[in-house]
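2 protein chains.
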Amino acid sequence: MPNRRLDVLAIGNAIVDVIADADDAFLDQWGMHKGAMRLVDEADAMRLYAAMPPGRELSGGSAANTVAGIASLGLAGGFVGQVADDQLGEIFAHDIHSLGVEFDTPPRSAIGATARCLILVTPDAQRTMNTFLGAASRLNPEAVDPARVAEARIVYLEGYLWDPDEPRSAMMKAMNTAREAGTKIAFTLSDSFVVDRHRRELWDLFEQKRIDILFANLAEIMSLAEHDSADDAALSVAALVPTVVVTRSEQGAFALSRGERAEVPAEPIRSLVDTTGAGDLFAAGFLAGEARGLGLERSLRLGAIAAAEVIQHYGARPETELRALVGNLLA
Amino acid sequence: MPNRRLDVLAIGNAIVDVIADADDAFLDQWGMHKGAMRLVDEADAMRLYAAMPPGRELSGGSAANTVAGIASLGLAGGFVGQVADDQLGEIFAHDIHSLGVEFDTPPRSAIGATARCLILVTPDAQRTMNTFLGAASRLNPEAVDPARVAEARIVYLEGYLWDPDEPRSAMMKAMNTAREAGTKIAFTLSDSFVVDRHRRELWDLFEQKRIDILFANLAEIMSLAEHDSADDAALSVAALVPTVVVTRSEQGAFALSRGERAEVPAEPIRSLVDTTGAGDLFAAGFLAGEARGLGLERSLRLGAIAAAEVIQHYGARPETELRALVGNLLA
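Below you can see the structure in the form of structure tokens.
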């Protein structure tokens, strides 16, 4: 029985977010789908950046935000992701290290710049993302250390990594290693357009029993099952995936696990500022509960509390120590 | 009579701020004076950065913040400052351009990295700054275009530039050019330790009638005059400098100008978050009033409103359009 030194080992895109305010007209003008993520190349990223208002730079990346939440909850987290040998790469590494997260994927040169996500926050607090993947798209299987995977209770993978080839291979390696080591495999669908691009392959993963915990929001679960009822869609996935968690924004979240169903409302908030990271932090709370074996409802509540913190300020990582916010829930 | 295309041309350090929360013990441990700025070399900056919590990166630089405020007030601003040919330099240039500020000092390579200011914000919202000047310290006189200076109503210079040699020469050139062109010269003392390092030279500038408008906070004006009464200190400076503006944090501000004295209280705020940029934005409001010839009291009120906006969020530049906040004051 391996020593489970890490609660969660997350594998994802190592990204620095550039967050600016914009109105709906700006999104329309640039052909963006509100609330979605799209990949842009370096030239498009530069064109868009030039048109954007002043930005706040904050470390991001979906799975990296989740593991930041894990650390903020007082659990042990590790991260695997590719940065370049540049200033944004240094910022990413600094920020995740300073949270106490293990991160030692070496920066590489000549693979493009560190990934940036240009995020437009509209007055309704929704975020619309334009990602230049750069170095992050060059994460390769060598970066995944089987010994590290075996030391984790849960390995957490982001669907965004399914787009580029090398990171997809790295994820496959992580899944294979995790199965052998008895490490649970959690996966987030990330974005409904990601689901749309890879629906067949995702179902193959489920059928091959490669996923233990699946995270989706409403748009993602409905796109996955091509079904306009989230409940029915979740049920159809739950036939293949032991635990399915569906987040529903201000309507809270529900989960299906081995015949059990649990549901929580959204946590009350004082003011909605920026929804960036809501799903990532929900996953953090839920995974913390899972790692500690706290049961479905308590894990969902931890998710709801973590998500509520992150949407009340700009940026996708907690600014308040989540451990203190959740109190006895994680005793 | 030259065409005054620019209301304010600011010359200062081109800096990206890295803002993180810290407690008083952290400041003590690192030997920092709360509320002050100190210069650090690259090695010290890296050591300190490694020990700091996760950061928010936001464009800063004292005079650059001021001209950001000028633009946010709807006036025409230009900036002169040196960045390197790197990612932080791109961020600095993007942010100031996106505000509509003229900035075309070419980035240079092989002069060190773009300047960073590591800012620790304590729970009392005070900011303590550790500046690695890098490329900013290599601003040289060639960057100051006499034609540009002549097109400005006011040239605004930051005391921080008095430390390194080349920028000091650039400021002297700007002052000489401004005098010839009939451009007003405004100067901010920046920091009481800067004053302490250059007290004699500063008084020489005043005696040579090189400064038309001087900005100081309480600590700076008292250090300048080596006097423990800010009023008396300001009076002694006002004998040589036509307009002296003294900011007093939550006690508001006063100004002395050609025998006249005016005073304003601080603007009410909802919550104090981060005082970074308070003095810079006060200067922006006051200079906007000066550029429009609005008189001492109205200019002070503009300063107080701009300062109040910036201390209610992280970062040293306005997040709300100041033009809308000041309403009829700047009609």
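So the protein sequences, as listed, match chains A and B. In this text, residue positions in the first sequence follow this note's numbering: the first is 1, and each later residue adds one. In this text, residue positions in the second sequence follow this note's numbering: the first is 1001, and each later residue adds one. Glycine included, every Cβ here is placed at the ideal spot set by N, Cα and C.
Beta-carbon contacts of residue i that lie in its chain and below 7 angstroms, excluding the five residues immediately before and after
i: Asp231(A); result: none
i: Leu205(A); result: Ile211
i: Thr275(A); result: Ala125, Gln126, Arg127, Ile311
i: Met1222(B); result: Asp1228, Ala1230, Ala1233
i: Arg1270(B); result: Gln1312
i: Leu1202(B); result: Val1195, Leu1224
Three-state class that DSSP yields for residue i in the structure shown
i: Val1144(B); result: coil
i: Asp232(A); result: helix
i: Ala1291(B); result: helix
i: Thr1177(B); result: helix
i: Ser72(A); result: helix
i: Thr1320(B); result: coil
i: Ser1059(B); result: strand
i: Tyr314(A); result: coil
i: Ile1015(B); result: strand
i: Arg1200(B); result: helix
i: Ala1043(B); result: helix
i: Met52(A); result: coil
i: Gly1078(B); result: strand
Selection from the options that minimises the alpha carbon distance to residue i
i: Pro1123(B); options: Gly1031(B), Leu1027(B), Val1245(B), Ala1233(B); result: Leu1027(B)
i: Ala227(A); options: Asn65(A), His313(A), Ser271(A), Arg199(A); result: According to the sequence provided, residue 227(A) is His. The question's Ala does not apply to it. The option with the nearest alpha carbon to His227(A) is Arg199(A).
i: Phe103(A); options: Val67(A), Asp85(A), Gln87(A), Arg301(A); result: Val67(A)
i: Glu1297(B); options: Ala1110(B), Arg1261(B), Ala1278(B), Ala1093(B); result: Arg1261(B)
i: Gly1078(B); options: Arg1270(B), Leu1302(B), Glu1090(B), Asn1065(B); result: Asn1065(B)
i: Ala45(A); options: His1094(B), Trp1162(B), Asn1130(B); result: His1094(B)
i: Leu359(A); options: Gly293(A), Thr183(A), Ala288(A), Ile119(A); result: Any question about residue 359(A) goes unanswered here, given that chain A covers just 1 to 331.
i: Asp23(A); options: Met32(A), Leu161(A), Gln208(A); result: Met32(A)
i: Leu1048(B); options: Gly1303(B), Trp1162(B), Arg1116(B); result: Arg1116(B)
i: Trp30(A); options: Leu302(A), Asn140(A), Leu120(A), Gly279(A); result: Leu120(A)
i: Gly315(A); options: Glu220(A), Pro141(A), Gly12(A), Gly55(A); result: Gly55(A)
i: Asn1130(B); options: Asp1086(B), Arg1038(B), Arg1004(B); result: Arg1038(B)
i: Pro169(A); options: Arg5(A), Ile11(A), Leu6(A); result: Before going further, note that residue 169(A) is Ser rather than Pro in the sequence given. Cα-wise, what sits closest to Ser169(A) is Ile11(A).
i: Thr1247(B); options: Ala1239(B), Ala1308(B), Lys1209(B); result: Ala1308(B)
i: Asp41(A); options: Ile19(A), Ala216(A), Leu118(A), Arg5(A); result: Leu118(A)
i: Glu1216(B); options: Arg1197(B), Ala1255(B), Ala1178(B); result: Sequence inspection shows Ala at residue 1216(B); the Glu mentioned does not correspond to that position. Out of Arg1197(B), Ala1255(B), Ala1178(B), Ala1255(B) has the C-alpha closest to the C-alpha of Ala1216(B).
Own chain, CB closer than 8 angstroms to residue i, minus 5 neighbours either side, in chain order
i: Arg1258(B); result: Pro1242, Thr1243
i: Ser1109(B); result: Ala1084, Asp1085
i: Pro1053(B); result: Ala1020, Asp1021, Ala1022
Check whether residue i and residue j have beta carbons under 9 angstroms apart
i: Leu157(A); j: Ala174(A); result: yes
i: Val1195(B); j: Ala1143(B); result: no
i: Leu1073(B); j: Gly1285(B); result: yes
i: Val237(A); j: Ala186(A); result: no
i: Thr1105(B); j: Ala1152(B); result: no
i: Leu1330(B); j: Leu1294(B); result: yes
i: Ser137(A); j: Pro167(A); result: yes
i: Leu325(A); j: Arg148(A); result: no
i: Leu1075(B); j: Arg1292(B); result: yes
i: His1097(B); j: Ala43(A); result: no
i: Ala1014(B); j: Gln1082(B); result: yes
i: Ala1253(B); j: Ala1239(B); result: no
i: Pro1146(B); j: Thr1177(B); result: yes
Residues near residue i in its chain [Cβ-Cβ closer than 6 angstroms; skip 5 each side]
i: Leu1099(B); result: Ala1068, Ala1071
i: Arg1317(B); result: Asn1065, Ala1068
i: Gly1159(B); result: Thr1188, Leu1189, Ser1190, Val1194
i: Glu290(A); result: Ser299
i: Thr1320(B); result: Glu1309
i: Phe1282(B); result: Thr1247, Gly1303, Ala1307
i: Lys209(A); result: none
i: Asp163(A); result: none
i: Ile213(A); result: Ala186, Thr243
i: Val1101(B); result: Val1067, Ala1071, Gly1077, Phe1079
i: Leu1058(B); result: Asp1017, Gly1315
i: Gly112(A); result: Gly134, Ala135
i: Ser1192(B); result: Ala1219, Glu1220, Ser1223
Listed in chain order, which residues of the segment 1116-1134 of chain B have Cβ atoms closer than 7 angstroms to some Cβ of chain A?
For the segment 1116-1134 of chain B, which is checked against every Cβ of chain A, not one residue is closer than 7 angstroms.
Contact set between the segment 49-61 of chain A and chain B, restricted to residues whose Cβ is under 9 angstroms from the partner
Within the segment 49-61 of chain A, the residues whose Cβ lies closer than 9 angstroms to some Cβ of chain B are Tyr49, Ala50, Ala51, Met52, Pro53, Pro54, Gly55, Arg56, Glu57, Leu58, Ser59, listed in chain order.
Using Cβ-Cβ distances below 7 angstroms, what residues of the segment 74-88 of chain A are close to chain B?
Contact annotation: in the segment 74-88 of chain A, residues whose CB is within less than 7 angstroms of a CB in chain B are Asp86, Gln87, Leu88.
Return the residues of the segment 252-264 of chain A that lie within a Cβ-Cβ distance of less than 8 angstroms from chain B, sorted by chain order.
Of all residues in the segment 252-264 of chain A, none is placed with a Cβ closer than 8 angstroms to any Cβ belonging to chain B.
What residues in the segment 142-164 of chain A have a beta carbon less than 9 angstroms from any beta carbon of chain B?
Those would be none; no residue qualifies.
Beta carbons nearer than 7 angstroms to chain A: which residues of the segment 1094-1116 of chain B have them?
Of all residues in the segment 1094-1116 of chain B, those with a C-beta nearer than 7 angstroms to a C-beta of chain A are His1094, Asp1095, Ser1098, Leu1099, reading in chain order.
For the segment 1290-1304 of chain B, which residues have a CB atom closer than 7 angstroms to at least one CB atom of chain A, in sequence order?
Those residues of the segment 1290-1304 of chain B that come within reach of chain A (Cβ to Cβ, closer than 7 angstroms) do not exist; the list is empty.
If contact means a Cβ-Cβ distance below 8 angstroms, which residues of the segment 204-217 of chain A contact chain B?
Here the close residues number zero.
For the segment 314-325 of chain A, enumerate the residues whose C-beta is nearer than 9 angstroms to any C-beta of chain B, in chain order.
Those residues of the segment 314-325 of chain A that come within reach of chain B (Cβ to Cβ, closer than 9 angstroms) are Tyr314, Gly315, Arg317, Glu319.
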